[in-house]
Amino acid sequence: MAGSRTETGDRFDVVIVGQAGRLQYEAVLFAAALRASDPDFAGSLIVAEPQPGPLWPADPRMDDPGARCWASSGPCPGANRRSAAF
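Residue numbers (this note's numbering): 745 to 830.
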């Protein structure tokens, strides 16, 4: 129902799109904001990534490995201490 709030303990999943260009960084910001605002989020964050094909003029997948890692799992191996607090 539009505008209704979920009860405490309700589990739901969130799907966002991450692709090359600005959307990969927006996916990182969304993931970081979700983790910061609700560290006990019980659902899954799913980052959908378009795959190359004949309808794309270039490869649409996220082209920044760090952005892909942050958007999908949070702090990544090799991240510096400052960004690890993100």
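Where a beta carbon is used, it is the ideal one built from N, C-alpha and C, also for glycine.
Is it buried or exposed for residue i, if we count other Cβ within 10 angstroms and need 16 for buried?
{"i": "Pro-804", "result": "buried"}
{"i": "Ala-780", "result": "exposed"}
{"i": "Ala-815", "result": "buried"}
Hey, residue i and residue j are a contact pair by Cβ (cut 8 Å); roughly how many whole angstroms apart?
{"i": "Ala-771", "j": "Ile-760", "result": "6 Å"}
{"i": "Met-806", "j": "Ala-764", "result": "6 Å"}
{"i": "Ala-846", "j": "Gln-768", "result": "This structure does not reach residue 846, given that the chain is present from 745 up to 830, and the question cannot be answered."}
Per DSSP, which residues does residue i bridge with? Please list them.
{"i": "Leu-789", "result": "Val-758"}
Do the CB positions of residue i and residue j come within less than 8 Å of each other?
{"i": "Asp-754", "j": "Ser-788", "result": "no"}
For residue i, which residues from the same chain have a beta carbon less than 6 Å from its beta carbon, with the 5 sequence-adjacent residues on both sides left out?
{"i": "Pro-794", "result": "Gln-763, Pro-804"}
{"i": "Cys-813", "result": "Cys-820"}
Going by beta carbon distance, what residues of the same chain come within less than 7 Å of residue i, once the five residues before and after it are set aside?
{"i": "Phe-785", "result": "Leu-778"}
{"i": "Asp-808", "result": "Gln-768"}
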